[in-house]
Amino acid sequence: MRAAAGDVWRDYTRHVFVEGMKDGTLPRESFLHYLRQDYVFLIHFSRAWALGVVKAETHEEMLAASATVNGLISEEMKLHIGVCAEAGISQEELFSTPERPENLAYTRFVLEAGYSGDFLTLLAALAPCAMGYAEIGARLSQEANSETYCDWINTYAGEDYQASIRSVGVLLEGALVRRLGENYDQLPCWKGLCQTFSTATQLEVGFWQMGMTP
Ligand SMILES: Cc1ncc(CN)c(N)n1
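The opening position of the sequence shown corresponds to residue 1 in full-length UniProt numbering, with each subsequent residue numbered one higher.
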């Protein structure tokens, strides 16, 4: 799916916002604006993963989807709550952040995949978020030459996040094989799944872009 997304994957994982966190040149105002939007994003994203529990077809799939819901709400959001509290932004303020259109577009696309699509379509829409941040976090932990955004980098490079995303990979691969067989990438529906993945990746690019304009 990543290969099929082509340049868009690179645009997402090497966006100027990401590179600004790497070298510490990203303005704090942009970062805090992004983080507030991302808190709202994660609320909707958790709801979309909860639809994964609804659409799952095995106990194992239900466990994996519910573990991800829990990881988003009880682990990943700690970063947003903690960093914003240090900047004087309360959790109530965070929760009531007005959504920017780029945020709306992405979260509603993913939720719609969950409402109307099957489990595979939903996972294809959810995957760029999970996989991309794991990839960015791992790279930035090696390449960052500034401590400014180390909280963010350590969250996504940390073993907890990395392990949870490996589980998402196992879930996705298993779900594909279970429903479509080993040669799932030879089937006509593979193209549609890749298209869903690419669209979500493009919406990730839009999300970073939004972060640049508080
Ligand atoms: C927009 C976005 N994409 C991905 C992630 C990683 N869960 C995130 N927090 N925000």
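Ideal Cβ positions, reconstructed from N, Cα and C, are used throughout, including at glycine.
What you are looking at is a predicted structure, and each value in this text was computed from that prediction instead of being measured.
For residue i, verify whether its CB is less than 7 Å away from any heavy atom of ligand 1.
| i | result |
| --- | --- |
| PHE207 | yes |
| ALA130 | yes |
| ASP38 | yes |
| PHE95 | no |
| LEU187 | no |
| PHE109 | no |
| LEU42 | yes |
| TYR133 | yes |
| GLU75 | no |
| GLU204 | yes |
Which whole-angstrom value describes the C-beta separation of residue i and residue j, a residue pair presumed to lie in contact below a C-beta threshold of 8 Å?
| i | j | result |
| --- | --- | --- |
| THR107 | PHE45 | 7 Å |
| MET212 | VAL83 | With a Cβ gap of about 18 Å, MET212 and VAL83 do not count as contacting. |
| PHE31 | ASN103 | Contact doesn't hold; Cβ gap of about 16 Å is too wide. |
| GLU29 | PRO214 | 5 Å |
| LEU172 | ALA113 | Going by Cβ atoms, the distance from LEU172 to ALA113 rounds to 14 Å, so no, they are not a contact pair. |
Any chance the segment 192-205 sits against the segment 19-38, with 3 or more Cβ pairs inside 8 Å? Contact between the segment 192-205 and the segment 19-38 is absent, with fewer than three C-beta pairs closer than 8 Å.
Start-end ranges of the alpha helix (DSSP H) lying completely within the segment 145-184, minimum 4 residues: Fully enclosed alpha helix (DSSP H) runs of 4 or longer: 150-157, 159-180.
Counting only runs of 4+ residues fully inside the segment 15-70, write out the alpha helix (DSSP H) ranges in chain order. Those alpha helix (DSSP H) runs which fall completely within the segment 15-70 and span 4+ residues are 16-23, 28-55, 59-70.
Does the count of Cβ pairs from the segment 158-176 and the segment 122-132 closer than 8 Å reach three? These segments touch.
Are there three or more Cβ pairs, one per stretch, closer than 8 Å when the segment 88-105 is compared with the segment 29-39? At 8 Å Cβ cutoff, the stretches touch.
Meets three-Cβ-pair contact criterion under 8 Å: the segment 11-18 and the segment 203-213: These segments touch.
Does the structure place the segment 180-194 close enough to the segment 133-144 that three or more beta carbon pairs sit under 8 Å? Fewer than three pairs of CB atoms, one per stretch, sit closer than 8 Å, so the segment 133-144 makes no contact with the segment 180-194.
Within the segment 95-154, note down every full alpha helix (DSSP H) run reaching 4 residues or more, in order along the chain. Taking only runs of at least 4 residues, the alpha helix (DSSP H) segments lying wholly in the segment 95-154 are 101-116, 119-143.
Does the segment 73-80 touch the segment 149-164, meaning 3 or more C-beta pairs lie closer than 8 Å? In the pairwise beta carbon analysis, the segment 149-164 is classified as touching the segment 73-80: at least three pairs are separated by under 8 Å.
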